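Engineer: Going left to right, the sequence shown walks through residues 11 to 168 as this note's numbering numbers them.
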Amino acid sequence: MERKRLHGLPALARTGADSKQGIYTSESTTLTYQRLLQLTESIINAAYPVLVDATFLKHSQRDAFRRLAIQLQTPFIIIDFAASENTLRQRIAERQQQANDASEADVSILEQQLRTCEPLQVDELAVSLRYDTEQPLQASSRKESWTSILKKLDLSDS
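Right, here's the structure in full:
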């Protein structure tokens, strides 16, 4: 949504742009992550927790947020959401059919993301948790599902 907001577009606007043109150029992506960093800093400085929802395909994108967390002396964790390629394709098809999501990603975008995604590096793995999005949603509502996240953030009771 921030990408579209930066370009003065409503969230559900359809630009028809592919992954390398219009609002999806590398320059636009850089501006989008810079804006997300600014928003994150403002929210943390206002004493609120922040969850940044973005693809974070590049190590440099993830590292900028890690460095900000260090600078602001705030807990930092990467939640690595995982799903099979088939599940991702199915979700894209469903989202396109519903036409009520800000994302314009289609299968060609997914394929590009799968080709260009930089895996988590060793230093990132130390602060990350992998979450299997193919498990039933009710499984993630149990307290024990979140214990490891809270421990990594040093927010658990135990």
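By construction, the Cβ of each residue, glycine as well, lies at the ideal position given by its N, Cα and C atoms.
Every value quoted in this text rests on a predicted model; they were computed, and no experiment measured them.
1. Determine, using beta carbons only, whether L41 and A64 come nearer to each other than 9 Å.
2. Span of the alpha helix (DSSP H) holding Y43?
3. Bridge partners of F66, per DSSP?
4. On the DSSP letters alone, give me the boundaries of the beta strand (DSSP E) that A92 sits inside.
5. Considering only residues of the same chain and omitting the five flanking positions on each side of R13, which have a CB-CB separation below 7 Å?
6. Looking at the strands, I want to know which residues DSSP matches up with Y141.
7. I need the boundaries of the alpha helix (DSSP H) containing V60, first residue and last residue.
8. Applying the criterion that 16 or more other CB atoms from any shown protein chain within 10 Å of the CB defines a buried residue, is S168 buried or exposed?
Structural biologist: By the coordinates alone:
1. no
2. S36 to N55
3. According to DSSP, which records beta bridges pairwise, F66 is partnered with nothing at all.
4. I88 to A92
5. I33, S38 and T42
6. F91
7. Unbroken run through V60: none, as it is neither H nor E.
8. The predicted model places S168 with a pLDDT of 49, which falls under 50 and marks its position as unreliable, so this point remains unresolved.
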